[in-house]
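Asks: Chains as they are written, first to last, in my numbering: chain C, 29 to 455; chain P, 23 to 412. My questions will all concern the structure given below.
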């Protein structure tokens, strides 16, 4: 059966399949964890493809929409922004950015959002049974989901967005918990699935175990030298919130991660042989990251000890009642999920995270990459700079595009960073 | 419609003192009427967005004014805190706050309306000493659940103002304020009615000045002055010398000079979907409701024409523009956007598609808050009119 939008999905799946075969040759336990994650991503691709071809329900989702509920409903989902974010996009991404620009999406809108809209306009994503948008993040994300709902192919696909209050309070959490209940009713109506509270409890209990282990792992990352670069933190997020949500395989993944890391810490092994600079990259990772991180390691002895997705002080959910679970999920959605926690409300959480990471992880310098799409962060740069000044830690703002490496050239990024390190006497 | 005789200035044929006062009010923050109010000991509270609940500020006995950055010439102070990818309105407005231009304010109210403005709150409360500041949580959906939520937000604001000022804002005061602001809206709609004529008695630039003034001075005085202007315009000779009837769709556009440049090319702006336009005047707060806060919440969340940030309103927003095109006999639509605004990038992308399907000419224009590119704007407007065969 030919289903619109599956071609690119299959292409990406095959690329991941090929990559995993290569990774499997490695004896490194860290690499084996990467293999386990990529296999989970592959499973997800296969579930979506099978559901689309067999006419079974599946969901297009954003992130931070209580994926525990989707897992409990046994609904396969894909994330609308995953195509540009997965490394499989690298061969196409620059052409697709140009294509988005030609489609009238301008140049100053967040590139991830432009790519997300354009991928839907170009028919590169499968049409789901229903889709769930995200309103707790930035203006761009709001418009991404509006533009998708506006697309002719998607126009009749049922859509639901949970509204997210701006300020942090019990009232906000109660409101959002009710929004999640309405989301469940919506999903039940459009997919024919029913939420079993006992199954939700199992999922939440399992995810609590994952977050406990993640917290343990993040404690270990405080060690000097840092046992891993920030990439593992991003993987942890992918496991817990995207591809092994409330799944025993995910818990096992975290357990192995903690074991491996304990071993490294006890042996005093760092992620790089001679750690000189402990850097906090205060944003998500760039698609072109390997090029810069390899240079940072080799040239300056930099370990990126933490980034935004890796720092996720998730709170555990009380599974004792349906009410406590929905409230816990609401709090997780609004206050815990990376990016959402720093972006959704006032700058207070951003400041607190900055202070905690600098202190707890013995950070030598903070780099705010200043991605062209992160307008709220761009308007917090003075606050960040002053916080860092008070903490006595050097702060660098670059100005780049996490998805388009032409925006600021690699040479320029490297030059800015080198001058910063030199001026601050680092490395 | 007369034949276009070349570049000249469209303007009303009426010599109106009220209109002149409105136009002057757009050129400054503290206009003579506001100055008089302050000198008499009156207090002023600013707000940042068309969702700012000005009725509550009025009910508290103060004058609500919409924050603008009129008169700003630079962003040197603000640039230490914001970035070059932040919208220039925010940079200029915050710069004015830092240099003390808004020191006359008793208070300032924000809503999380967009990524740029909401962060001005974070910076402002750290760097500018304004006695009363409040951030309100504005929903992004428009169902009854959100009406209820926003009612509580209004109640929180009301109670915070009561505490700050040591007063009680009774339901009676709220209803009185609602009636006053509804009267402003009704009068403004009468002005828009005149613009439906084949020969409107007022230009788009002049009408924008009136709407801006409606957010910048004590409302009683404004209403009296607008009544005077409406009287003067009622039997005025209309404008005939234009090439096409245009509609502007935009977020914050408070500078009549921008429209004037377009009108200098012969494109008469007859209506809009703007924050200083129909978005604040097209509907009234329901005066027949039992609870004033619920009536206000319903107005802001469900009844007034929505901003693109309200997720579930795109079909209504698009329909509103298409209906206005018919009602005002519009020949072409200009979608104006502040550079770096993701909300309006998305909006113009969707609206452009919708209008194209209906064969309505649409021009996208990007701009900075301070009008610097008049030449480019002139060229684009000219080309747009020519593309419509006008």
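Built from N, CA and C at the ideal position, the CB exists for glycine as well. Predicted, not measured: the structure shown is a model, and the values here were computed from it.
(1) Assuming residue 309/C contacts residue 288/C (C-beta within less than 8 Å), just tell me the rounded distance between them.
(2) For residue 223/P, name the three-state secondary structure that DSSP assigns.
(3) Which stretch, first to last residue, makes up the alpha helix (DSSP H) that contains residue 175/P?
(4) Does the contact criterion of 3 or more C-beta pairs under 8 Å hold for the segment 306 to 320 of chain C versus the segment 280 to 297 of chain C?
(5) How big is the Cα-Cα spacing for residue 365/P and residue 108/P?
(6) What residues of chain C sit near residue 161/P, judged by a beta carbon separation below 7 Å?
(7) Between the segment 165 to 173 of chain C and the segment 363 to 382 of chain P, do three or more beta carbon pairs fall short of 8 Å?
(8) Could you give the DSSP three-state label for residue 51/C: helix, strand or coil?
(9) Assuming residue 219/C contacts residue 279/C under a Cβ cut-off of 8 Å, what Cβ separation, rounded to an integer in Å, is found between them?
(10) Contact criterion: CB-CB distance below 8 Å. Does residue 370/C meet it with respect to chain P?
(11) Spatial neighbours of residue 361/C within its chain, please: C-beta separation below 8 Å, excluding the five flanking residues on both sides.
(12) Between the C-alpha atoms of residue 142/C and residue 304/C, what's the straight-line distance to the nearest angstrom?
(13) How do the segment 229 to 246 of chain P and the segment 78 to 94 of chain P stand: do at least 3 beta-carbon pairs fall below 8 Å, yes or no?
(14) Report yes or no: is there a C-beta of chain D within less than 8 Å of the C-beta of residue 365/P?
(15) Under a CB-based cut-off of 8 Å, is residue 218/C close to chain P?
(16) How is residue 449/C classed by DSSP in three states: helix, strand or coil?
(17) Using a cut-off of 8 Å between C-beta atoms, extract the partners of residue 108/P located in chain C.
(18) Can you give the Cα-Cα distance for residue 52/P and residue 397/C, rounded to whole angstroms?
(19) Any contact of the segment 425 to 442 of chain C with the segment 133 to 151 of chain C, i.e. 3+ C-beta pairs under 8 Å?
(20) Can you list, in chain order, the residues of its chain whose CB lies under 6 Å from that of residue 302/C, leaving out five sequence neighbours each side?
(21) In chain order, which beta strand (DSSP E) runs of at least 3 residues are fully inside the segment 37 to 74 of chain P?
(22) Is the shortest distance between the beta-carbon of residue 166/C and the beta-carbons of chain P less than 8 Å?
(23) Report the option in 39/C, 122/C and 154/C whose CA atom is closest to the CA atom of residue 456/C.
(24) Give the secondary structure of residue 363/P by DSSP, where H, G and I count as helix, E and B as strand, and everything else as coil.
(25) Need the endpoints of the beta strand (DSSP E) that residue 189/C sits in, please.
(26) Listed from N- to C-terminal order along the chain, which residues in the segment 123 to 135 of chain P have their beta-carbon within a distance smaller than 9 Å of any beta-carbon of chain C?
(27) State yes or no: is the C-beta of residue 130/P within less than 8 Å of the C-beta of residue 68/P?
(28) Does residue 384/C pass the burial test, meaning 16 or more other C-beta atoms within 10 Å, or should it be called exposed?
(29) Among the residues of its own chain, which have a CB less than 7 Å from the CB of residue 35/P, if the five just before and after it don't count?
(30) Of the choices 441/C, 379/C and 387/C, whose alpha-carbon is the least far from that of residue 412/C?
(31) Taking all protein chains shown into account, do 16 or more other C-beta atoms lie within 10 angstroms of the C-beta of residue 190/P, making it buried, or fewer, making it exposed?
(32) Do you know how far the Cα of residue 64/C is from the Cα of residue 103/P?
(33) So the candidates are 274/P, 105/P, 316/P and 373/P; which of them puts its Cα closest to the Cα of residue 296/P?
(34) Okay, do the segment 85 to 97 of chain P and the segment 220 to 240 of chain P touch, 3+ Cβ pairs below 8 Å being the bar?
(35) Please classify residue 360/C: does DSSP put it in a helix, a strand, or coil?
(36) What beta strand (DSSP E) runs, 3 residues minimum, are completely inside the segment 75 to 113 of chain C?
Replies: In short, the structure shows the following:
(1) Sequence index remark: in the first chain, residue 309/C carries index 281 (1-based). Sequence index remark: in the first chain, residue 288/C carries index 260 (1-based). No, residue 309/C and residue 288/C are not in contact; Cβ-Cβ is about 22 Å, not under 8 Å.
(2) Translated into positions along the second chain, residue 223/P becomes position 201. Of the three classes helix, strand and coil, the one that applies to residue 223/P here is coil, per DSSP.
(3) As a first step, residue 175/P is located in the second chain; it is residue number 153 there, counting from the start. Counting along the chain, the alpha helix (DSSP H) containing residue 175/P begins and ends at 166 to 187.
(4) Counting C-beta pairs with one atom in each stretch, the segment 306 to 320 of chain C and the segment 280 to 297 of chain C have fewer than three that are closer than 8 Å, which means they do not touch.
(5) Counting from one through the second chain, the residue named residue 365/P turns up at place 343. Counting from one through the second chain, the residue named residue 108/P turns up at place 86. Straight-line Cα distance between these residues: approximately 13 Å.
(6) On the second chain, residue 161/P is found 139 positions in, with the first residue counted as 1. Near residue 161/P (Cβ distances below 7 Å), the residues of chain C are 191.
(7) Below 8 Å, enough C-beta pairs join the segment 165 to 173 of chain C and the segment 363 to 382 of chain P to call them touching: three or more.
(8) Counting from 1 along the first chain, the entry for residue 51/C is found at position 23. Residue state, collapsed to three classes: helix.
(9) Within the first chain, the letter at position 191 stands for residue 219/C. Within the first chain, the letter at position 251 stands for residue 279/C. In fact, because the Cβ distance is near 26 Å, the residues do not count as touching under 8 Å.
(10) Counted from its first residue, the first chain places residue 370/C at position 342. Chain P places no beta carbon closer than 8 Å to that of residue 370/C, leaving this residue out of the contacts.
(11) As a working note, residue 361/C is residue 333 in the first chain. Excluding sequence neighbours, residue 361/C sits near 92, 93, 94, 164, 190, 192, 204, 208 and 368.
(12) Translated into positions along the first chain, residue 142/C becomes position 114. Translated into positions along the first chain, residue 304/C becomes position 276. Distance from the CA atom of residue 142/C to the CA atom of residue 304/C, rounded to whole angstroms, is 38 Å.
(13) Per the Cβ contact rule, the segment 229 to 246 of chain P is in contact with the segment 78 to 94 of chain P (3 or more Cβ pairs under 8 Å).
(14) The structure shown contains no chain D; the protein chains it does contain are C and P.
(15) Residue numbering aside, residue 218/C sits at position 190 when the first chain is read from its first letter. Proximity of residue 218/C to chain P, defined by a Cβ-Cβ separation below 8 Å, is not satisfied.
(16) As a first step, residue 449/C is located in the first chain; it is residue number 421 there, counting from the start. Helix, per DSSP.
(17) For this step, residue 108/P is matched to residue 86 along the second chain. In chain order: 403, 406 and 407.
(18) Numbered from its first residue, the second chain carries residue 52/P at position 30. Numbered from its first residue, the first chain carries residue 397/C at position 369. Distance between the alpha carbons of residue 52/P and residue 397/C is about 40 Å.
(19) Touching, yes, given that three or more Cβ pairs across the two stretches are closer than 8 Å.
(20) Here residue 302/C corresponds to residue number 274 of the first chain, with the count starting at 1. Sequence-distant partners of residue 302/C (beyond 5 residues in either direction) whose C-beta falls short of 6 Å from its own C-beta, in its chain, are 329.
(21) As far as the segment 37 to 74 of chain P is concerned, its whole beta strand (DSSP E) runs of at least 3 residues are 66 to 69.
(22) Here residue 166/C corresponds to residue number 138 of the first chain, with the count starting at 1. Taking 8 Å as the threshold, the shortest C-beta distance from residue 166/C to chain P falls below it.
(23) Because chain C spans 29 through 455 in this model, residue 456/C falls outside it and cannot be assessed.
(24) For the purposes of this step, residue 363/P is identified with residue 341 of the second chain, where counting begins at 1. Assignment of residue 363/P by DSSP, reduced to helix, strand and coil, places it in the coil class.
(25) The residue labelled residue 189/C in the question sits at position 161 within the first chain. Unbroken beta strand (DSSP E) run through residue 189/C: 187 to 190.
(26) Against chain C - using a Cβ distance shorter than 9 Å - the residues of the segment 123 to 135 of chain P are 133 and 134.
(27) Within the second chain, residue 130/P is the residue found at index 108, counting from 1. Within the second chain, residue 68/P is the residue found at index 46, counting from 1. Closer than 8 Å, so yes.
(28) Along the first chain, read from residue 1 onward, the residue named residue 384/C stands at position 356. Exposed.
(29) As a working mapping, residue 35/P is identified with position 13 in the second chain. If the five residues before and after residue 35/P are omitted, its C-beta is found closer than 7 Å to the C-beta atoms of 258 and 259, all from its own chain and listed in chain order.
(30) In the first chain, counting from the first residue as 1, residue 412/C sits at position 384. Of the candidates 441/C, 379/C and 387/C, the one whose C-alpha sits nearest the C-alpha of residue 412/C is 379/C.
(31) Counting from 1 along the second chain, the entry for residue 190/P is found at position 168. So residue 190/P ends up on the exposed side.
(32) For the purposes of this step, residue 103/P is taken as residue 81 along the second chain, with counting starting at 1. For the purposes of this step, residue 64/C is taken as residue 36 along the first chain, with counting starting at 1. A direct Cα-to-Cα measurement between residue 103/P and residue 64/C gives close to 43 Å.
(33) Numbered from 1 along the second chain, position 274 holds the residue referred to as residue 296/P. Comparing Cα-Cα distances from residue 296/P to each of 274/P, 105/P, 316/P and 373/P, the minimum goes to 274/P.
(34) Yes: at least three Cβ pairs fall under 8 Å.
(35) The residue labelled residue 360/C in the question sits at position 332 within the first chain. If DSSP states are grouped into helix, strand and coil, residue 360/C belongs with the helices.
(36) Complete beta strand (DSSP E) runs here, min 3: 87 to 89 and 105 to 107.
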